[in-house]
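Read the structure below first, then the notes.
Protein chains in written order, with the working numbering: chain A, 10 to 484; chain B, 284 to 588.
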């Protein structure tokens, strides 16, 4: 037997030889080139709109209080004229279901509109990149700055950028906390350096998250943390509008001089300038087709259109189109007709129904809630005058912003009397526990449990709530 | 862990915890060294729904950094807090200690609220709406379980809203009842009273004291036998607040109404206890509850909620 000697080969066989890769990779920093165009304008419009709402809303007053305030400490949630209690959780659930369905609908029709134009991750990344570009310069200047050794100029630019970033991040954190505690009081407390420790914690936490996510994590959040990219394929179909490259028109790609018709050179329209890759905030090549990293922002379409214009080619080599439309070469009209497909119609119908139901229930909402709890101490007792008595505790929740008087009545048994029979006062947006006694003449009801109904009426408006309870008659 | 006699289980838990963490470190280290040849299309070969393929993309390094942070945090946690078997950790933290610290802090924070009432007479506290709310909350948390949330009691548990007091209704006596508790004992009196017929006669006499329906012949016969009851309940059954002997001449029947219930009481007696609250409530809290309870039966003087 001869011993086989395994030849020692180079561990790095070089490119082209199927290079081995590690299971982990270092993140490559992306330097997106800035871009002008229709989609970029839309994106900035959405950035301004969403941030105007986010930063501005807590400062708006409504009838002597903050218009939108989720007062966690007092467990009252003020939205415009509404006062919601934690018991109104159903409205929040409804809102979340509506949000989810809207996301499904928009995704089915036009892909990741949310990601590209409205998601805070995209929006803050956009804002932070704008600051970065203002301070460090354009793509090339930024790349050069990062590779050159430390200098006073580099130090100043970097420091200045981070200070501005941290300023924006902290303002964002402050605004966020301002939704949960009165922002004007929070501002005063800040000026007097008397903010509560939890408020400080959340300002810093949310500010730090903004700074980290928009300044450093950026596309990593979309690629590795956000679940939406992973399940979007469940909502996509062949008729979903996506940002897409038209390979039939673009290939074969090659650089060329401006002038002659590409067909005569047996070339496609793509001049392989790579601008679409340079502008991409997630660093992908859209020409490889639909990828999960694509957030559908459309900057590559803007960049390509600029190039096509310079080359005097028709725009739309990279455009919003559907897979089916791309293959069959459909016109805009044909594309629009395909929007009204069953999947879209079903989503729209459910969404419309839910929105209508939520609005109706909010409009018709009784500004009063009642919880009836039987007293746990006593089953039943004989009161003076030979009457059988049960005791209940009623939690009356005033969901208006005025003090109210409530009249308590009960029905369901013969000769039922209620004490107190005087109206009960509850302060504005407060709740109160009231002990209520129900009496029936002894022997008027057979032993066992009887259903009775409390009805609580608001004296001013006449709004009424009815609650079921059990009246126990012992053997 | 103190429930176990030997340290075996403590060590068992500690060793498994540390081995698991070590396993994670080894796994991270091995996978970081491993290199694989990518497939032609960079997928794992898994296909779903006809065209959904699983790409084989490397995990970013910062994510690995998170794993490392988790391990460092885990080891740090186990060093500082209890978690490693019966090892108590460097900080000597216990949930009981945490609770006691929170209670001490809350007590300290509440002290100024109560301080306002230490010098105020009970009659005045009862008129104060804020004090009423505090008293009500304390009553709901500590007293309502027996006396009912409207304080009207039930069989065996006295009504606190009427003017009938077993041990006296002055603020001082109420405070004493809450602080020290009360034990009322009615001894079985059948042997002292006489025959079962005598017991029935006494029961009818007791009913007659408050003008309830009764057999007047038996009541007349029972009157002489009632002398053994007078020691506690007094002449005419008016009760004795020093002993806690109930007034039998009013219409309040704490332990049951009617001849049968009274006979039962004479034959078997009863021991009824109000537990002392001095270890559950602070002196300041007892003051608030006492004012609240006093206000219930002196409602003309007390605050209207």
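In this text, a Cβ means the ideal position worked out from N, Cα and C, and glycines have one as well.
What you are looking at is a predicted structure, and each value in this text was computed from that prediction instead of being measured.
Annotated as distal: residue 301 of chain A and residue 113 of chain A, with beta-carbon spacing of 7 Å or more.
Here residue 476 of chain A is not near residue 414 of chain A, since their CB atoms are 7 Å or more apart.
Taking 7 Å as the CB threshold, residue 344 of chain B lines the interface with chain A. Under the three-state reduction of DSSP output, residue 238 of chain A falls in the helix class.
Listed along the chain, the chain A residues whose CB falls inside 9 Å of the CB of residue 321 of chain B are 27, 28, 29 and 30. For residue 462 of chain A, the three-state secondary structure derived from DSSP is strand. Residue 478 of chain A carries a strand assignment under DSSP once its states are collapsed to helix, strand and coil. For residue 466 of chain B, the uninterrupted beta strand (DSSP E) run begins and ends at 465-469, by DSSP. Closer than 7 Å to the CB of residue 36 of chain A there is at least one CB belonging to chain B. Note on geometry: alpha-carbon atoms of residue 354 of chain B and residue 403 of chain B lie some 58 Å from one another. C-alpha of residue 108 of chain A to C-alpha of residue 416 of chain A: approximately 39 Å in a straight line.
The C-beta of residue 387 of chain A comes closer than 7 Å to at least one C-beta of chain B. Cβ neighbours of residue 449 of chain A within its own chain (closer than 6 Å, five residues either side excluded): 397, 422, 424 and 425.
Collapsing the DSSP output to three states places residue 277 of chain A in coil.
For residue 329 of chain B, the uninterrupted beta strand (DSSP E) segment begins and ends at 326-331. Taking C-beta separations shorter than 6 Å and ignoring five residues to either side along the sequence, residue 70 of chain A has no partners in its chain.
Ranked by Cα distance from residue 43 of chain A, the first of A/92, A/60 and A/136 is A/136. It is roughly 35 Å from the alpha-carbon of residue 389 of chain A to the alpha-carbon of residue 93 of chain A. With 16 or more neighbouring CB atoms inside 10 Å of its own CB, residue 133 of chain A falls in the buried class. Inter-residue distance for residue 378 of chain B and residue 451 of chain A is about 51 Å (C-alpha atoms, whole angstroms). In the structure shown, residue 342 of chain B falls within a strand segment according to DSSP collapsed to helix, strand and coil. Beta-bridge pairing by DSSP links residue 434 of chain A to A/414. Spatial neighbours of residue 554 of chain B in its own chain (CB-CB distance under 6 Å, excluding positions within 5 residues in sequence) are listed in chain order as 468. Of all residues in the region 415-445 of chain A, those with a C-beta nearer than 7 Å to a C-beta of chain B are 444, reading in chain order. Look at residue 437 of chain B: its C-beta is under 7 Å from a C-beta on chain A. Residue 439 of chain A sits in coil when the DSSP states are folded into three classes, being neither helix nor strand. For residue 413 of chain B, the uninterrupted alpha helix (DSSP H) run begins and ends at 412-425, by DSSP. Taking 8 Å as the cut-off between beta carbons, none of the residues of the region 200-225 of chain A comes near chain B. Against chain A, the CB of residue 347 of chain B has a partner CB under 7 Å away; the residue lies at that interface. Residue 553 of chain B sits in a strand when the DSSP states are folded into three classes.
At a cut-off of 7 Å between beta carbons, residue 227 of chain A makes no contact with chain B. Note that the C-beta distance between residue 471 of chain B and residue 539 of chain B is not below 7 Å. It is roughly 56 Å from the alpha-carbon of residue 346 of chain A to the alpha-carbon of residue 478 of chain A. Chain order gives the chain A residues near residue 540 of chain B as 391, where near means a beta carbon separation below 9 Å. When B/450, B/455 and B/518 are compared, the shortest CA-CA separation from residue 466 of chain B is found for B/450. Judged by DSSP in its simplified three-state form, residue 232 of chain A adopts helix.
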